[in-house]
Amino acid sequence: MIVGTVKEIKNHEYRVGLTPESVHELTAHGHAVLVETGAGEGIGAHDALYERAGATIIATAAEVFARAEMIVKVKEPQAVERAMLRPGQILYTYLHLAPDPEQTRDLIASGATCIAYETVTDASGGLPLLKPMSQVAGRMSIQAGATALEKAHGGRGVLLGGVPGVLPAKVVVIGGGVVGFNAAQMAAGLGADVTILDRNPEVLEKLGMYFEARAKTRFSNRANLAECVAEADLVIGAVLIPGAAAPKLVSADMLKTMKKGAVLVDVAIDQGGCFETSHATTHADPTYIIDGIVHYCVANMPGAVARTSTYALNNVTLPHALRIAELGWKDALRRDPHLLAGLNVWDGKVTYKAVADDLGLPYTPAEDAIA
Numbered sequence: 088m089i090v091g092t093v094k095e096i097k098n099h100e101y102r103v104g105l106t107p108e109s110v111h112e113l114t115a116h117g118h119a120v121l122v123e124t125g126a127g128e129g130i131g132a133h134d135a136l137y138e139r140a141g142a143t144i145i146a147t148a149a150e151v152f153a154r155a156e157m158i159v160k161v162k163e164p165q166a167v168e169r170a171m172l173r174p175g176q177i178l179y180t181y182l183h184l185a186p187d188p189e190q191t192r193d194l195i196a197s198g199a200t201c202i203a204y205e206t207v208t209d210a211s212g213g214l215p216l217l218k219p220m221s222q223v224a225g226r227m228s229i230q231a232g233a234t235a236l237e238k239a240h241g242g243r244g245v246l247l248g249g250v251p252g253v254l255p256a257k258v259v260v261i262g263g264g265v266v267g268f269n270a271a272q273m274a275a276g277l278g279a280d281v282t283i284l285d286r287n288p289e290v291l292e293k294l295g296m297y298f299e300a301r302a303k304t305r306f307s308n309r310a311n312l313a314e315c316v317a318e319a320d321l322v323i324g325a326v327l328i329p330g331a332a333a334p335k336l337v338s339a340d341m342l343k344t345m346k347k348g349a350v351l352v353d354v355a356i357d358q359g360g361c362f363e364t365s366h367a368t369t370h371a372d373p374t375y376i377i378d379g380i381v382h383y384c385v386a387n388m389p390g391a392v393a394r395t396s397t398y399a400l401n402n403v404t405l406p407h408a409l410r411i412a413e414l415g416w417k418d419a420l421r422r423d424p425h426l427l428a429g430l431n432v433w434d435g436k437v438t439y440k441a442v443a444d445d446l447g448l449p450y451t452p453a454e455d456a457i458a
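To convert, count from 1 in the sequence shown and add 87; that's our numbering.
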């Protein structure tokens, strides 16, 4: 198979779909790999490294799209990239379609076979291709929140861990999954006063056993959530419903109960955000203030630590890319129901129910694609 990767063009996105090491694996299995010139510069992987791994360096993204049978990316294709997709071509990347009707319409119109990292599952019911970026984003959320809390950035001027004789900041983490766990780990490690909210008693029990006295857990209902948000210096939104738009758990009215200069970090912004007042921002302009509350809603947080993120991502995406290249997408999905769960758009049809439901589009079961 001819596999292609291109330079990411989303604002301040430095990750790349394939590392030189991943290219070496693909070429060792007999596949041709096309890499747009400069695609790996953001992680310190120069064209010469890709050439040594067996790739062919291509001058433009348009030529890569024109020649490749499968495009491997990181972020969802931007409008100019979507226009280059063709019927039957495989797109393998993060898509986050539920809050993005424009992208969904374009992918439907393209006729491409679109496999989304974020909905591929595993035997335990987890999301293994989302997990490493959730780990990165969870840990980064505390760094970003700590910076936003500084007075110069509009925050309350509070140090997360406090100092002897001065109380630490109160950090509230909404959601105890991969993002929430990693955020709580970082916040507790810095000495903050951490509370994690979740609706799953088993998750709360596991978190309680892990953190012991270093973090508190509370069942997430409206009353507990409102109370915790009102007391917080920093709130991390770490809620995920696989493939679907995130629920709006923190309302605009709740902001009026918060301390001026408190910070909201919405890690769920890729799926539309879990705060009513959230809208996507970029690394170039990451925050805005509503009712005195600082909002950090960068939609590609792991892009800021591109080298760590790219290698963590390739560790989990490459095995599936190899199987797709070896078997063809249809046979690869037929043999692996977990990879089949990643099929979001095929032949002009939406094949992931949560996306179809959220966008009011007709739904075609993914099984129809491999029948």
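Idealized CB from N, CA, C, for every residue including glycine.
The model shown is predicted, which means the values in this text are computed figures rather than measured ones.
Given GLU314 as reference, the closest of ALA333, LYS343 and PRO329 once Cα atoms are compared: Position 227 of the sequence shown, counted from the first residue, corresponds to residue 314. Taking only the C-alpha atoms, the option nearest GLU314 is LYS343.
Which class does GLU123 belong to by DSSP, given the choice of helix, strand or coil? Sequence index remark: in the sequence shown, residue 123 carries index 36 (1-based). Note: GLU123 maps to strand in three-state DSSP.
Once the 5 residues before and after LEU176 are set aside, which same chain residues still bring their CB inside 6 Å of it? In the sequence shown, counting from the first residue as 1, residue 176 sits at position 89. Sequence inspection shows Gln at residue 176; the Leu mentioned does not correspond to that position. Excluding positions up to five away in sequence, the list reads ALA199.
Taking the runs of the beta strand (DSSP E) that are 3 residues or longer, which of them lie wholly in the stretch 192-252? 200-203
For the beta strand (DSSP E) that contains THR282, what are its first and last residues? Along the sequence shown, one-based indexing puts residue 282 at 195. 280-285 is the span of the beta strand (DSSP E), which, as asked, contains THR282.
HIS382 - partner residues in DSSP beta bridges: Counting from 1 along the sequence shown, the entry for residue 382 is found at position 295. According to DSSP, HIS382 bridges with LEU351 and TYR375.
Terminal residues of the continuous beta strand (DSSP E) containing LEU254? Counting from one through the sequence shown, the residue named residue 254 turns up at place 167. Segment: none, LEU254 is in no beta strand (DSSP E) and carries neither H nor E.
Neighbour-count burial assignment, GLU100, 16 or more Cβ in a 10 Å radius: Taking the first residue of the sequence shown as position 1, residue 100 is located at position 13. Result: buried.
Reduced DSSP secondary structure (H/G/I, E/B, other) of MET296: Taking the sequence shown and counting its residues from 1, one reaches residue 296 at position 209. In the structure shown, MET296 sits in a helix (DSSP, three-state: H, G or I).
Whose CA, out of GLY117, ARG301 and LEU420, lies closest to the CA of GLN272? On the sequence shown, position 185 is the one that residue 272 refers to. For GLN272, the nearest C-alpha among the options comes from ARG301.
Using the three-state DSSP reduction, which class does ILE96 fall into: helix, strand or coil? The sequence position of residue 96 within the sequence shown is 9, counting from 1. Reduced to three states, the DSSP call for ILE96 is coil.
Identify whether VAL403 lies in helix, strand or coil by the three-state DSSP scheme. Working through the sequence shown from its first residue, we reach residue 403 at position 316. Looking at VAL403 - three-state DSSP - the assignment turns out to be helix.
Do ALA155 and VAL110 have their beta-carbon atoms positioned less than 8 Å apart in this structure? Counting from one through the sequence shown, the residue named residue 110 turns up at place 23. Counting from one through the sequence shown, the residue named residue 155 turns up at place 68. No, the pair does not count as a contact, with Cβ atoms beyond the cut-off.
Nearest CA to the CA of LEU420: which residue from ASP455, ASP357, VAL442 and THR397? Against the sequence shown, residue 420 aligns to sequence position 333. Closest option to LEU420, Cα to Cα, is ASP455.
Just list the residues that DSSP pairs GLY324 with in beta bridges. Position 237 of the sequence shown, counted from the start, is the residue given in the question as residue 324. Per DSSP, ILE261 and ASP353.
Closest by C-alpha distance to ILE261, when choosing among GLY129, VAL442, GLU95 and VAL281: Within the sequence shown, numbered from 1, the residue matching residue 261 stands at position 174. Minimum Cα distance to ILE261 is reached at VAL281.
Start and end of the alpha helix (DSSP H) containing TYR137? One-based indexing of the sequence shown puts residue 137 at position 50. Here the alpha helix (DSSP H) through TYR137 covers 134-139.
Of the residues LEU172, VAL352, TYR181 and ARG226, which one's Cα is nearest the Cα of GLU460? Residue numbering for the chain in the displayed model covers 88 to 458; residue 460 lies beyond these limits and cannot be assessed.
Considering ILE457, what are the terminal residues of the alpha helix (DSSP H) in which it resides? Reading the sequence shown from its first residue, position 370 is the one you call residue 457. From DSSP, the alpha helix (DSSP H) with ILE457 extends over 454-457.
Enumerate in chain order the residues of its own chain whose CB-to-CB distance from HIS116 is below 8 Å, with the five nearest sequence positions on each side excluded. For the purposes of this step, residue 116 is identified with residue 29 of the sequence shown, where counting begins at 1. So the list reads LEU409, ALA412 and GLU413, once near-sequence residues are dropped.
Rounded Cβ spacing between ALA235 and TYR383 (contact assumed at less than 8 Å): Translated into positions along the sequence shown, residue 235 becomes position 148. Translated into positions along the sequence shown, residue 383 becomes position 296. Confirmed, Cβ separation roughly 5 Å.
Restricting to Cα atoms, I'd like to know which of LYS97, LEU312, TYR204 and ARG173 is closest to LEU426. Counted from its first residue, the sequence shown places residue 426 at position 339. Of the listed residues, the one whose Cα sits closest to LEU426 is TYR204.
Pick from LYS218, THR124, PRO174 and LEU105 that is closest to GLU150, judged by C-alpha positions: Numbered from its first residue, the sequence shown carries residue 150 at position 63. The shortest Cα separation from GLU150 among LYS218, THR124, PRO174 and LEU105 belongs to THR124.
CA nearest to the CA of LEU448, picked from LYS257, LYS436 and GLU318: Sequence index remark: in the sequence shown, residue 448 carries index 361 (1-based). Closest by alpha carbon: LYS436.
Could you give the distance in angstroms between the alpha-carbon of GLY35 and the alpha-carbon of GLY429? No answer is possible for residue 35: it lies beyond the span of the chain, which begins at 88 and ends at 458.
Given that a residue counts as buried once 16 or more other Cβ atoms are within 10 Å of its Cβ, and exposed if not, what is SER211? Within the sequence shown, the letter at position 124 stands for residue 211. Label assigned to SER211: exposed.
Please classify ASP418 as buried or exposed, where buried requires at least 16 neighbouring CB atoms within 10 angstroms. Here residue 418 refers to the residue found at position 331 of the sequence shown. With fewer than 16 other Cβ atoms within 10 Å, it is exposed.
Using the C-alpha atoms, what's the distance from TYR439 back to TRP433? In the sequence shown, counting from the first residue as 1, residue 433 sits at position 346. In the sequence shown, counting from the first residue as 1, residue 439 sits at position 352. Distance between the alpha carbons of TRP433 and TYR439: 10 Å.
Grab me the residues of VAL245's own chain with a C-beta within less than 7 Å of its C-beta, minus the 5 sequence neighbours each way, in chain order. For the purposes of this step, residue 245 is taken as the residue at position 158 of the sequence shown. Answer for VAL245: LEU236, ALA256 and ASP320, listed in chain order.
Does DSSP put LEU178 in a helix, in a strand, or in coil? Taking the first residue of the sequence shown as position 1, residue 178 is located at position 91. Three-state result, LEU178: strand.
Environment of ILE195 [buried if 16+ CB atoms lie within 10 Å]: Position 108 of the sequence shown, counting from 1, holds the residue named residue 195. Per the 10 Å Cβ criterion, buried.
How is MET341 classed by DSSP in three states: helix, strand or coil? Numbered from 1 along the sequence shown, position 254 holds the residue referred to as residue 341. DSSP places MET341 in helix when its eight states are reduced to three.
Looking at the unbroken alpha helix (DSSP H) that takes in LYS417, where does it start and where does it end? Counting from one through the sequence shown, the residue named residue 417 turns up at place 330. Residues 416-422.
Is ALA317 near VAL326, with beta carbons less than 8 Å apart? Translated into positions along the sequence shown, residue 317 becomes position 230. Translated into positions along the sequence shown, residue 326 becomes position 239. No, the pair does not count as a contact, with Cβ atoms beyond the cut-off.
From MET88 to LYS335, what distance separates their C-alpha atoms? Translated into the one-based positions of the sequence shown, residue 88 becomes position 1. Translated into the one-based positions of the sequence shown, residue 335 becomes position 248. If I take the Cα positions, the gap works out to 42 Å.
Can you tell me the Cα-Cα spacing of VAL392 and VAL403, whole angstroms? Numbered from 1 along the sequence shown, position 305 holds the residue referred to as residue 392. Numbered from 1 along the sequence shown, position 316 holds the residue referred to as residue 403. VAL392 and VAL403: Cα-Cα distance of roughly 17 Å.
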